[in-house]
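S.K.: One structure, pasted below without further comment.
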Amino acid sequence: MRAEVETGSRLHGGFYYAAGDWNVRWGSIGFYVDNPKFRAAVELSDREQYRGPQELLEYVKKAAKVAGVQGFNVEVHESPPIHRGFGTGTQVLLSLYMAFKALKGEQPEAVEEAALKLGRARHSGAGTLAFKYGGFIMDAGLPGRPTPLVTLKMPSEWRFVIIIPKIERGLTDEEEESIMEKRQWGNSESNIAFMTSGALRLAAGIARGDLDDALEGLRFVQRGTGILFASVQGGEYRGKLNDLAAEAWRSRVILAQSSWGPAMYTIVENEYEAQGDVMLMKEIMSNVGLSGEVIISPPRNYGASIKIVG
């Protein structure tokens, strides 16, 4: 008996002001996209067997340990890169944990509870909630308690154009934890208003199918989030990504940074427009001295899939 798991990727859209004290101040925003995806075959075994990217092995072992599995046979068929802005760690941990529990004949906990057991959702619940619901997510800003404020299905014809520049990776889990725990994230009243109004405009644009309004809301959220974290990443975007975003804006393309990057993305009306933006983004990367990959993804309006076979 084996489990076949498939998840999408979480693109982090930024933060908005959720009120309250520091522990409940910032709510997070995320999108679930179909590509790049994580796919793997999972079996129980009397020893540890693994075939896949070495960087994911620690997540496989952690999921097995928390699930109470002594041995496993895991083969990864495809996976997003780790620490590149796709929320890969959360998706891998949750999907494998759920698969291990199911293979043991045990009823898994709710996704929110499982995430906490796995050490996820300490600061942002967007990845956990995207795993469960798919689509567009706004969490309620309760660290350690992933709670949806808004869940929406994205218009199915919209496409995400995702840029993956070849620059240094984003923060590891440990690096992010250290920064988020040690710093007090003060913010100006004007920037708080900017972020919060942007979040509302983004959600409303998605609900109405108004891409222009959704993108303008995303621009507001991105700018406010960038200002909030500028002391860590050196500007509204991280490092060289500032140049990439500025050059894209000259072509009136709004780019958002997913989490700590380096993945960047925009949203377009359909597949045809996405194809044109792929060429444009490659040209823009070249203009600012960057190389990398540009991919297209439809939204994933449903959560992760775990199927038991045999």
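Quick note, in this note's numbering, the sequence shown goes up one by one and the last residue is 1525. Don't be surprised by glycine CBs; every beta carbon is placed ideally from N, CA and C.
Answer with buried or exposed for V1376, where buried requires no fewer than 16 other C-beta atoms within 10 angstroms of its C-beta.
M.R.: buried
S.K.: Determine the closest residue to G1242 out of E1508, Y1487, R1360 and G1334, with distance taken between C-alpha atoms.
M.R.: R1360
S.K.: By the three-class DSSP mapping on this structure, what secondary structure does M1479 have?
M.R.: Reduced to three states, the DSSP call for M1479 is strand.
S.K.: Once DSSP output is grouped into helix, strand and coil, what is the label at D1388?
M.R.: helix
S.K.: Suppose only complete runs of 3+ residues qualify. What are the beta strand (DSSP E) ranges in the region 1278 to 1326, listed by chain order?
M.R.: 1287 to 1293
S.K.: Do you know offhand how far E1327's Cα is from G1491's?
M.R.: 39 Å
S.K.: I'd like the span of the beta strand (DSSP E) that includes T1362, first residue to last.
M.R.: Premise fails: T1362 is in no beta strand (DSSP E) and is neither H nor E.
S.K.: What are the boundary residues of the alpha helix (DSSP H) that includes A1341?
M.R.: A1341 to Y1348
S.K.: So, are the CB atoms of G1449 and A1341 less than 8 Å apart?
M.R.: no
S.K.: Using DSSP with H/G/I as helix, E/B as strand and the rest coil, what is M1158?
M.R.: Given a span of 1216 to 1525 for the chain in the structure shown, any question on residue 1158 remains unanswerable.
S.K.: Three Cβ pairs or more, each shorter than 8 Å: is that satisfied between the region 1282 to 1302 and the region 1486 to 1504?
M.R.: no
S.K.: Give every residue of the same chain whose Cβ lies closer than 7 Å to the Cβ of A1279, excluding the five residues on either side of it in the sequence, and list them in chain order.
M.R.: Within the same chain, A1279 has close Cβ partners F1287 and F1315.
S.K.: Keeping to the same chain, check which residues put their C-beta closer than 7 Å to that of K1347; ignore five residues upstream and five downstream.
M.R.: V1326 and G1518
S.K.: Per the DSSP calculation, K1522 is bridged to which residue(s)?
M.R.: E1219
S.K.: For R1161, count neighbouring Cβ atoms within 10 angstroms of its own Cβ and tell me buried if that reaches 16, exposed if not.
M.R.: For the chain, the structure presents residues 1216 to 1525; residue 1161 sits outside this window and is missing.
S.K.: Can you list, in chain order, the stretches of the beta strand (DSSP E) that have 3 or more residues and sit fully within the region 1231 to 1268?
M.R.: Counting only runs of 3 or more, we get 1241 to 1259 and 1263 to 1266.
S.K.: Could you tell me the alpha carbon to alpha carbon distance between K1522 and L1309, rounded to whole angstroms?
M.R.: Distance between the alpha carbons of K1522 and L1309: 14 Å.
S.K.: Tell me the DSSP secondary structure of R1438 in three-state form.
M.R.: Shown here, R1438 sits in a helix according to DSSP, grouped into three states.
S.K.: For V1524, collect the residues of the same chain with a Cβ closer than 8 Å to its Cβ; drop the 5 residues on either side in sequence, then sort them by chain order.
M.R.: M1216, R1217, A1218 and E1219
S.K.: So, helix, strand or coil for E1431, using DSSP?
M.R.: Helix, per DSSP.
S.K.: Can you check whether the CB of A1233 is closer than 8 Å to the CB of A1355?
M.R.: yes
S.K.: Whole angstroms are fine: how far does the CA of V1307 sit from the CA of R1335?
M.R.: 11 Å
S.K.: Applying the criterion that 16 or more other CB atoms from any shown protein chain within 10 Å of the CB defines a buried residue, is S1446 buried or exposed?
M.R.: exposed
S.K.: In this structure, does DSSP put A1471 in helix, strand or coil?
M.R.: strand
S.K.: For the candidate residues L1271, T1366, I1378 and G1229, whose alpha-carbon lies nearest to that of V1208?
M.R.: Past the boundaries of the shown model lies residue 1208; the chain is included only from 1216 to 1525, so the question cannot be answered.
S.K.: Confirm, please, whether the CB-CB distance from T1305 to P1295 is below 8 Å.
M.R.: no
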